[in-house]
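Participant:
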Amino acid sequence: MIRVFLPSQLDDYTDRVRELEMELSAEEGKLLVLADVIAELERRYKGVAFRIVDEHGNIRRHIAMFVGDTMVRTLDAPLTGNSRVQIVGALSGG
Amino acid sequence: MTRHLILVGTRKGAWIVEGDANRSNWKIKGPMHLGAVISHYVADPRTVGYQLMSVGSGHLGPSVFISKDHGETWTEAATPPAFAPVGDSARSVDHVFWLTPGHASEPNVWYAGTSPQGLFKSRDGGNTWEEVKGFNHHPDCFTWRGGDKDGTPDGPKLHSIIVDHSDKTHLLVGMSGGGIFESFDEGATWKPLNKGVAMDFYPPKEDGSEYEFGHDPHCMVMHPVHSNRLYHQNHCGLYALDRDEGDRWTRIGDNMPKDVGDIGFPIVVHPRDPDTAWTFPMDGSGQWPRTAPGGKPAVFRTRDGGKSFERMAKGFPAEQGWWTVKRQCMAVDAEQSVGVYLGTTNGQLWGSFDEGATWQGIAMDLPQIYSVEVVTIK
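Protein chains in written order, with the working numbering: chain A, 160 to 253; chain B, 186 to 563.
1. If you measure between the beta carbons of Q418 of chain B and G449 of chain B, is that distance less than 8 Å?
2. List, in chain order, every chain A residue whose beta-carbon is nearer than 8 Å to that of E261 of chain B.
3. Can you give me the C-alpha to C-alpha distance between V193 of chain B and N241 of chain A, rounded to a whole angstrom?
4. Consult DSSP for K318 of chain B and reduce its assignment to one of helix, strand or coil.
5. For Y526 of chain B, which three-state DSSP category applies?
6. Taking Cβ-Cβ distances shorter than 7 Å, what residues in chain A pair up with G303 of chain B?
7. G431 of chain B and S368 of chain B: beta carbons closer than 8 Å?
8. Please compile the residues from chain A whose C-beta is within a distance smaller than 8 Å of the C-beta of L551 of chain B.
9. Contact defined as beta carbons within less than 8 Å: I believe G364 of chain B pairs with G399 of chain B. What is the distance between those atoms, to the nearest angstrom?
10. Roughly how many angstroms lie between the CA atoms of D539 of chain B and V454 of chain B, to the nearest whole one?
11. Between the Cα of M441 of chain B and those of B:W473, B:P456, B:F494 and B:P459, spot the shortest distance and give me the residue it belongs to.
12. Can you tell me the Cα-Cα spacing of H189 of chain B and V207 of chain A, whole angstroms?
13. Assuming V510 of chain B and P451 of chain B are in contact, meaning their beta carbons sit under 8 Å apart, how far apart are those beta carbons, in whole angstroms?
14. At which residue ranges does the stretch 385-454 of chain B contain complete beta strand (DSSP E) runs of 3 or more residues, listed in the order of the chain?
15. Checking contacts by CB at 8 Å: is Q245 of chain A closer than that to chain B?
16. Starting from L192 of chain B, trace the beta strand (DSSP E) in both directions and tell me its first and last residue.
17. State whether the stretch 306-319 of chain B contacts the stretch 257-271 of chain B, with contact taken as three or more CB pairs (one from each stretch) at a distance under 8 Å.
18. Between the beta-carbon of G243 of chain B and the beta-carbon of P216 of chain B, is there less than 8 Å?
19. Take the Cβ of I562 of chain B as the centre, count every other Cβ of all protein chains shown within 10 Å, and call the residue buried at 16 or more, exposed below.
20. Could you have a look at T328 of chain B and say whether DSSP puts it in helix, strand or coil?
21. In whole angstroms, what separates the C-alpha of R428 of chain B from that of M186 of chain B?
22. Using 8 Å as the limit for Cβ to Cβ distance, is A249 of chain A near chain B?
23. Would you list, in chain order, the members of the stretch 210-239 of chain A that have their beta-carbon closer than 7 Å to a beta-carbon of chain B?
24. Use the C-beta contact count for R330 of chain B: other C-beta atoms within 10 angstroms, 16 or more gives buried, fewer gives exposed.
25. I'd like to know if G246 of chain B contacts chain A, where contact means its C-beta is closer than 8 Å to some C-beta of that chain.
26. Could you tell me how far apart the beta carbons of Y296 of chain B and T285 of chain B are, in whole angstroms, since I believe they sit closer than 8 Å?
27. The beta strand (DSSP E) that contains F250 of chain B, what's its start and end?
28. Going by DSSP in three states, F485 of chain B sits in which element: helix, strand or coil?
29. Could you check whether the Cβ of A275 of chain B sits closer than 8 Å to any Cβ belonging to chain A?
30. Can you name, in chain order, every residue of its own chain whose Cβ lies under 6 Å from the Cβ of V410 of chain B, other than the five neighbours on each side?
31. Which value, in whole angstroms, describes the spacing of the CA atoms of R232 of chain A and N531 of chain B?
Next up, the structure:
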């Protein structure tokens, strides 16, 4: 089971859900990757994906994403079936 | 009962400041979208109560929200403005900077300008947006606007989208940087409109000719009745253009007091008299502090199309007033004695109900103001 943790900035899009679980498996011949988590988030909460990644699939500048305790900057980061994914609003702004 | 609604977009959310028919009692309502950057908050002159708002978040990227009930409730656009890849370029919209309602004959059409510079169109009241490909995908577009680093400190912007009320196929836009461009076929083809405009931040061309594009217009307006009269406040001066006389801008800022200069951001025009306009100059000298010159805020008004200007500061701080006014932050109503409104970089909303002669504070403790629009409901 993949566990996903969401930041407060996404509250309006996720009915204030901050933690959720996903049972995901890779398509045959492919790796399970972070993009699969984003796709599942979008399936559950329409519109949320565009808040995390831009129109070209790049993670937005002030959004940070972690798989385990490793920050990743692209959606092709590989996952396992029980990865911990955390999406963070970066410490920027003012 | 007549009401005046001042729509205020700020760096931290939006507010409506509602005034009575006499414009003497004002009530602040809000906030809306607290914490979000509101670059532009615009009412639809074609449909009472319909409003669009550019809502940006440092974290979550750009969006557009829609209200059909004077801002009481909001829904997010299903497909906000977004760039398709063009060749090797894959630009991403950082924020929607400008919103303009379409022609009166097309009640569901809206245009949006973005940072970095892009032009978008909605045909369904702002719910879904498509690129104006004639502009965004024009083979010269990258040359016109320079790189994405060529722009204001907050990013390069497309602004001042104008739909000619007398000809729905005639569009104009300004780019900071890039210059002014216009289309006579609803955006399919474009040409620059920058003759006569200074470009002091580039070296003079060796052959003595003018630059065709690459300029830095800050704000451009077309008179709402006499569409042949345009004004624009540029990084390099204040200009007017009368299309009856050609397509060369005249630097009317040369008629401003020399100790004030003609650098600034906003300009607004009288709703009936094309020769009357108001501007708010800023200090564009030395380090470009972009504050009121000398710390003495003042509006300047012309009554003769820019041949002369009068300083109008009664009510503003006489000294030590170091704020300024951004490009979307001046507006006028259409009352007999025209109301002029401005929002400041230190969160103050000021109004004048005698066409600029005297000024009074309407709301003094808002966040930094990014846009001001006024709607009168009869």
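We put the beta carbon where it would ideally sit given N, CA and C, even for glycine.
Facilitator: Per the coordinate set shown:
1. yes
2. G206
3. 47 Å
4. helix
5. strand
6. Within chain A, no residue comes near G303 of chain B; the closest Cβ sits about 11 Å away, beyond 7 Å.
7. no
8. Correct list: empty, because the minimum Cβ distance to chain A is about 17 Å.
9. 6 Å
10. For D539 of chain B and V454 of chain B, the distance between alpha carbons rounds to 15 Å.
11. Taking only the C-alpha atoms, the option nearest M441 of chain B is B:F494.
12. Each residue's Cα considered, the two are about 36 Å apart.
13. Yes, they are in contact, since the Cβ atoms of V510 of chain B and P451 of chain B sit about 5 Å apart, within 8 Å.
14. 402-407, 414-419, 422-427 and 449-454
15. no
16. Element bounds for L192 of chain B: R188 to T195.
17. yes
18. With respect to the 8 Å criterion, G243 of chain B and P216 of chain B are not classified as neighbours on the basis of their beta carbons.
19. exposed
20. helix
21. 39 Å
22. yes
23. R210, D213, E214, H215, N217, R219, H221 and I222
24. Its Cβ being crowded by 16 or more others within 10 Å, R330 of chain B is buried.
25. yes
26. T285 of chain B and Y296 of chain B do touch by the CB rule: their CB atoms are close to 5 Å apart, below 8 Å.
27. G246 to S252
28. Strand at F485 of chain B.
29. yes
30. Once the five neighbours on either side are set aside, V410 of chain B has no close Cβ partner at all.
31. 37 Å
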